[in-house]
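Participant: Please find one structure pasted underneath; my questions will follow.
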Amino acid sequence: MNVKEVTSGSRHTHVALAGRIDPDGVHEKGYEFHKLAAFPHKNLVVDMGGVTFIASLGIGMLLTAAKELAATGNKMVLLNPQKLVEGTLRTAGLTGLIHISRSLEEALRYLDSR
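Per numbering that gives the first Met the number 0, the sequence shown runs over residues 0 to 113.
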């Protein structure tokens, strides 16, 4: 799993994830993601377009960050996940808790609307 901060503004942080979000990836890069996601205490856009696989530990990583953001009045949006990854997220019930957007503009509109 690769983690990259794309932008960080006053209202949101945009992070890109890529590769396999499996136990090894979460073990190696999970703290880096968590630090970018939860500590700034602002809305988060997570670009999932480069993620090819997500395991249950990766789902837990996203859910933990979303809960921490919600505790500070902020939200997370997953941006453009690949079909297989989105199917896994839907099957796990995560899409009922974290919004999925197809474009950055749609994601930012969602974050601004709430």
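All C-beta atoms, glycine included, are put in the ideal place defined by N, C-alpha and C.
1. Looking only at its own chain, which residues have a Cβ that is under 6 angstroms from the Cβ of Phe-52, when we skip the five neighbours before and after it?
2. Using CA atoms only, rank isn't needed, just tell me which of Val-45, Asn-79, Leu-88, Gly-49 is closest to Leu-68.
3. Starting from the Cα of Gly-48, find the closest Cα among Tyr-109, Leu-93, Leu-83 and give me that residue.
4. To which residues of the same chain is Ala-36 closer than 6 angstroms at the C-beta, ignoring the five residues directly before and after it?
5. Could you name each continuous alpha helix (DSSP H) segment of 4 residues or more that falls completely within the region 63-97, going from the start of the chain to the end?
6. Tell whether a beta-carbon distance below 8 angstroms holds between Gly-57 and Asp-23.
Facilitator: So, to answer that:
1. Here the set comprises Arg-19.
2. Leu-68 has its Cα closest to that of Val-45, out of Val-45, Asn-79, Leu-88, Gly-49.
3. When only C-alpha atoms are compared, the closest one is Leu-83.
4. Leu-43, Ala-64.
5. You should have 82-90.
6. The Cβ atoms of Gly-57 and Asp-23 do not sit closer than 8 angstroms to each other.
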